[in-house]
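Inspection log for the structure reproduced underneath, given as structure tokens.
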Amino acid sequence: MSDGDGELEARLVEQEEFEPSDEFVEQANVSDPDIYEEFEENWPDCWERAADLLDWEEEYETVLDDSNEPFYEWFSDGTINASYNCVDRHVENGDKNRVAIKWEGEYGETRTYTYQDLYREVNEFAAALRDMGVEEDEVVTLYMPMVPELPIAMLACARIGAPHSVVFAGFSADALATRMNSADSDYLVTCDGYYRRGDALDHLEKANEGLEGVDHDVEATVVVDRLGDDGFGHELAENQHDWDDLMDEQRGERVEPVERDAEDMLFLMYTSGTTGEPKGVKHTTGGYLAYTAWTSHAVLDLKPEDTYWCSADIGWITGHSYIVYGPLALGTTTVMYEGTPDFPERDRLWDIVEKYAVDVFYTAPTAIRAFMKWGSKFPERRDLSSLRLLGTVGEPINPRAWKWYYKHIGDEECPVVDTWWQTETGGMMITTLPGVKNMKPGSAGPPLPGIDARIVDTEGEEIEPGRAGYLTVNKPWPGMLRTLYKNDERFIDEYWAEYSDEDADEWVYFPEDGAKIDEDGYMTILGRVDDVINVSGHRLGTMEIESAIVGVEGVAEAAVVGGNHEVKGEAVYAYVITEDGYEGDDEMRSRIIEGVEDAIGPIARPEQVVFTPELPKTRSGKIMRRLLEEIANEEELGDTTTLRNPEIVTDIQAKVQGD
Ligand code: PRX
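Be aware that the sequence shown starts at 1, since it is given in the UniProt record's numbering, and climbs by one per residue.
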């Protein structure tokens, strides 16, 4: 079968709406179209349906407490433990031998954890954390790649009521230090290294370097030995412990799950915003777990007997919600893969789908664009017939990529859910319920039942279908962030606006995305409206990158924008003014790239560094980023009349096009 021509292709190109098959609908967890109305009429009590998926220690009586807007509380008089819900209850319910985690290393070695295995290891590590002195409510930082010890450590933290803060392993030493400082975290769990495209990477060196930047005493560090004989031979310091030694010491230990208030913090997740400083998004135990379990059930259609694979990294919110908490709360088998999709060959992911007979697969549009580029011969080599449902997340998916995914991975049998959500929302917000709604490629879909999302103009008024506006969420939901860690003021400033109409004051949540809606209420997300860019589904603040560049010797000023990129979606374009006496040459360019990698990580690496004597500025001295974006995208330039230095624009343009 070729990628391009044929009758089928023509039909796919023309077709705007796709129906789920009868077979899918019949078996779907949610297939009754009345659910939208039911949730609306019965709001907020409708959310009991999510909370009922969990086992509560103390049943809640209040669903929503909105007495202190926008600091909403959910199920606040209930108590619950997330580790109990993701592990113990499945063991107690007779499912101890069901596989909880299937892990595959880059070299093909595998590890299988049943719920009983998970129970044992989570308990032992919880005991180890306690012995090291970790107390309830103390933040434990986890700086780990995709190894099974990461979800085990998360669940062990949850068991003893110590919130975790997972720092993506691809982030730099500086990024680790910033996050440990911000969270005032005294404990670190990390790893000696991991494999990427066949090479062993030294992770502990980066972790140790990060520890040097921590501004307070770190009580203890735990190091997982992933590399064995391929390790880099680091000696552990006095307060550094080997994971296996700790587990040996704790063999057979059991730790009672701590009874947590529903509103107690489950974890912190740092994400990028408009300013240079990352934001510590706080998620709580009851509402978050109920919401991720509910959306895993209703959108991902997960059943306990499924093998489910989300190819994200646990270092991002997608992995927290839909590799760890949602699927494990439902007692599903969740797959974890350590490596890259093109190692040893470009069919690696399909090899894994075939090997484990994956039922539901969830990935990012950037990966799909790469698969498209590589061609359909790679998925065609493998038997993908086990798949029932496909999903995407992280950035807009264009109809072409959607259709490729639908056809070449799903064989036109599997519904595709394009799920819009954010670190802050905790779980999916806008997408089709696959057993209820038709799909429209390129559009995420309507808001989920119980979610009041709208598209508004600058005044907060709803706008008509087809026109671009701002996305808002006008009612709270259980998975929402509760605040920014230790910064309630910034939480309100960044996300909330209060509108008052005749009836009441209304608090409105701003996700900072542009969007439009069609006549059927389907929403198409157009991208960020703040200074955040989305590189391969990874969220990066332009200010963070700019401050890294300005930190490089010889740089006077920098402006960073996102330019379109065929595979990554967006790529980092950096426009840089050098100080007098410094040359904008290749050496300087390398130092800038290195500076960004050191401050943030390789994901933020600029695609292009353009040296310029000036940046386009308005008369009031503001950099006109819109123009820089247009230049990066080689688009026709908009109005330049408000510029103080319009002549610089053609100069920069010539440089970018010449590169
Ligand atoms: O711009 C939206 C985009 O990703 C942003 C959230 O990034 P982050 O907090 O890192 O979470 C990513 C994983 C949930 C959003 O503000 N985004 C996410 N999903 C979609 C999307 N844009 C379009 N379509 C989506 N399905």
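Glycine included, C-beta positions come from ideal geometry on N, C-alpha and C. Owing to the predicted nature of the structure, the values given are computational and were not obtained by experimental measurement.
Distance between Gly394 and His538 (C-alpha atoms, nearest Å): On the sequence shown, position 538 is the one that residue 538 refers to. On the sequence shown, position 394 is the one that residue 394 refers to. His538 and Gly394: Cα-Cα distance of roughly 7 angstroms.
Where Tyr60 falls: helix, strand or coil (DSSP): For the purposes of this step, residue 60 is identified with residue 60 of the sequence shown, where counting begins at 1. Of the three classes helix, strand and coil, the one that applies to Tyr60 here is coil, per DSSP.
Helix, strand or coil at Pro646 [DSSP, three-state]: On the sequence shown, position 646 is the one that residue 646 refers to. If DSSP states are grouped into helix, strand and coil, Pro646 belongs with coil.
Same chain, Cβ closer than 7 angstroms to Asp77, five either side skipped, listed in chain order: Taking the first residue of the sequence shown as 1, we reach residue 77 at position 77. Excluding residues within five positions, the ones whose Cβ falls inside 7 angstroms are Tyr60, Glu61, Thr62.
The beta strand (DSSP E) enclosing Ser165, as first and last residue numbers: For this step, residue 165 is matched to residue 165 along the sequence shown. Unbroken beta strand (DSSP E) run through Ser165: 164-166.
Shell residues, 7 angstroms Cβ cut-off relative to heavy atoms of ligand 1: Thr271, Trp316, Ile317, Thr318, Thr392, Val393, Gly394, Glu395, Pro396, Ile397, Asp418, Thr419, Trp420, Trp421, Gln422, Thr423, Glu424, Ala444, Pro511, Glu512, Asp513, Ile525, Gly527, Arg528, Asn534, Gly537, His538, Arg539
CB contact flag (Asp184, Val139, <8 angstroms): The residue labelled residue 184 in the question sits at position 184 within the sequence shown. The residue labelled residue 139 in the question sits at position 139 within the sequence shown. Yes, Cβ-Cβ distance for Asp184 and Val139 is below 8 angstroms.
8 angstroms contact criterion, which Ala51 and Ala290 should meet: CB distance rounded: On the sequence shown, residue 51 is found 51 positions in, with the first residue counted as 1. On the sequence shown, residue 290 is found 290 positions in, with the first residue counted as 1. Confirmed, about 4 angstroms.
Nearest-angstrom Cα separation, counted from Glu412 out to Ser385: Taking the sequence shown and counting its residues from 1, one reaches residue 385 at position 385. Taking the sequence shown and counting its residues from 1, one reaches residue 412 at position 412. Taking the straight line from one Cα to the other gives about 11 angstroms.
Sequence ranges, beta strand (DSSP E) only - wholly within the segment 351-414, length at least 3: 360-363, 389-393
Exposure label - Gly233; buried when at least 16 CB within 10 Å: As a working mapping, residue 233 is identified with position 233 in the sequence shown. Exposed.
Bridge-paired residues (DSSP) for Leu201: If you number the sequence shown from 1, residue 201 lands on position 201. Answer is Tyr194.
Sub-8 angstroms separation of Val610 and Tyr575 beta-carbons: Along the sequence shown, one-based indexing puts residue 610 at 610. Along the sequence shown, one-based indexing puts residue 575 at 575. Cβ distance < 8 angstroms, so Val610 and Tyr575 count as in contact.
Nearest residue (CA-CA) to Glu614, options Ala237, Leu302, Leu627, Asn645: The count along the sequence shown starts at 1 and reaches residue 614 at position 614. Among Ala237, Leu302, Leu627, Asn645, the Cα nearest to that of Glu614 belongs to Asn645.
Best match in Met588, Leu204, Asp32 for proximity to Ala298 [C-alpha to C-alpha]: If you number the sequence shown from 1, residue 298 lands on position 298. Closest by alpha carbon: Asp32.
Distance CB(Val281)-CB(Met265) smaller than 8 angstroms: As a working mapping, residue 281 is identified with position 281 in the sequence shown. As a working mapping, residue 265 is identified with position 265 in the sequence shown. Not a contact, by the Cβ cut-off of 8 angstroms.
Proximity below 8 angstroms, CB of Phe510 to CB of Thr472: Within the sequence shown, numbered from 1, the residue matching residue 510 stands at position 510. Within the sequence shown, numbered from 1, the residue matching residue 472 stands at position 472. Yes. Within cutoff.
Identity of the residue in Leu433, Phe378, Thr423, Trp421 nearest Leu390 by Cα: By 1-based counting over the sequence shown, the position of residue 390 is 390. Of the listed residues, the one whose Cα sits closest to Leu390 is Leu433.
Complete alpha helix (DSSP H) runs within the UniProt domain "Acetyl-coenzyme A synthetase N-terminal" (34-86) (minimum length 4 residues, chain order): 35-41, 48-51
Span separating the alpha-carbon of Asp225 from that of Lys206: In the sequence shown, counting from the first residue as 1, residue 225 sits at position 225. In the sequence shown, counting from the first residue as 1, residue 206 sits at position 206. Their Cα atoms are separated by approximately 15 angstroms.
Span separating the alpha-carbon of Gly210 from that of Ala169: Taking the sequence shown and counting its residues from 1, one reaches residue 210 at position 210. Taking the sequence shown and counting its residues from 1, one reaches residue 169 at position 169. In a straight line, the C-alpha of Gly210 is about 12 angstroms away from that of Ala169.
CB contact flag (Ser536, Thr366, <8 angstroms): Translated into positions along the sequence shown, residue 536 becomes position 536. Translated into positions along the sequence shown, residue 366 becomes position 366. Contact: yes.
Any beta strand (DSSP E) of 3 or more consecutive residues that is wholly inside the segment 517-544: 523-528, 532-535, 538-541
As assigned by DSSP and simplified to three states, the class of Trp294: Walking along the sequence shown from the start, residue 294 turns up at place 294. Trp294 falls in the helix class under three-state DSSP.
Boundaries of the alpha helix (DSSP H) in which Gln116 is found, first to last residue: Here the question's residue 116 lines up with position 116 in the sequence shown. Note, Gln116: alpha helix (DSSP H), 115-132.
Whole-number beta carbon distance between Pro257 and Asp88, since they are thought to touch under 8 angstroms: Mapped onto the sequence shown, residue 88 falls at position 88. Mapped onto the sequence shown, residue 257 falls at position 257. Confirmed, about 7 angstroms.
First and last residue of the uninterrupted alpha helix (DSSP H) at Glu512: On the sequence shown, residue 512 is found 512 positions in, with the first residue counted as 1. Unbroken run through Glu512: none, as it is neither H nor E.
contact_flag[the segment 344-360, the segment 445-462] where n(CB pairs < 8 angstroms) is 3 or more: no
Nearest-angstrom Cα separation, counted from Gly435 out to Glu19: Looking up residue 19 in the sequence shown gives position 19. Looking up residue 435 in the sequence shown gives position 435. Whole-angstrom Cα-Cα distance: 9 angstroms.
Endpoints, the alpha helix (DSSP H) within which Glu106 is located: In the sequence shown, counting from the first residue as 1, residue 106 sits at position 106. Careful: Glu106 lies outside any alpha helix (DSSP H) and carries neither H nor E.
Where Gly228 sits in the DSSP three-state scheme: As a first step, residue 228 is located in the sequence shown; it is residue number 228 there, counting from the start. Three-state DSSP puts Gly228 in a helix.
Option nearest His565 by Cα separation, candidates Lys373, Tyr499, Glu424: As a position in the sequence shown, residue 565 is number 565, starting the count at 1. Out of Lys373, Tyr499, Glu424, Lys373 has the C-alpha closest to the C-alpha of His565.
DSSP state of Gly562 mapped onto helix, strand, coil: Here the question's residue 562 lines up with position 562 in the sequence shown. If DSSP states are grouped into helix, strand and coil, Gly562 belongs with the strands.
Helix, strand or coil at Tyr495 [DSSP, three-state]: Your numbering for residue 495 matches position 495 in the sequence shown. Residue state, collapsed to three classes: helix.
Buried/exposed call for Arg626, threshold 16 Cβ in 10 Å: Residue 626 sits at position 626 when you count from the first residue of the sequence shown. It is exposed - the Cβ of Arg626 has fewer than 16 other Cβ atoms within 10 Å.
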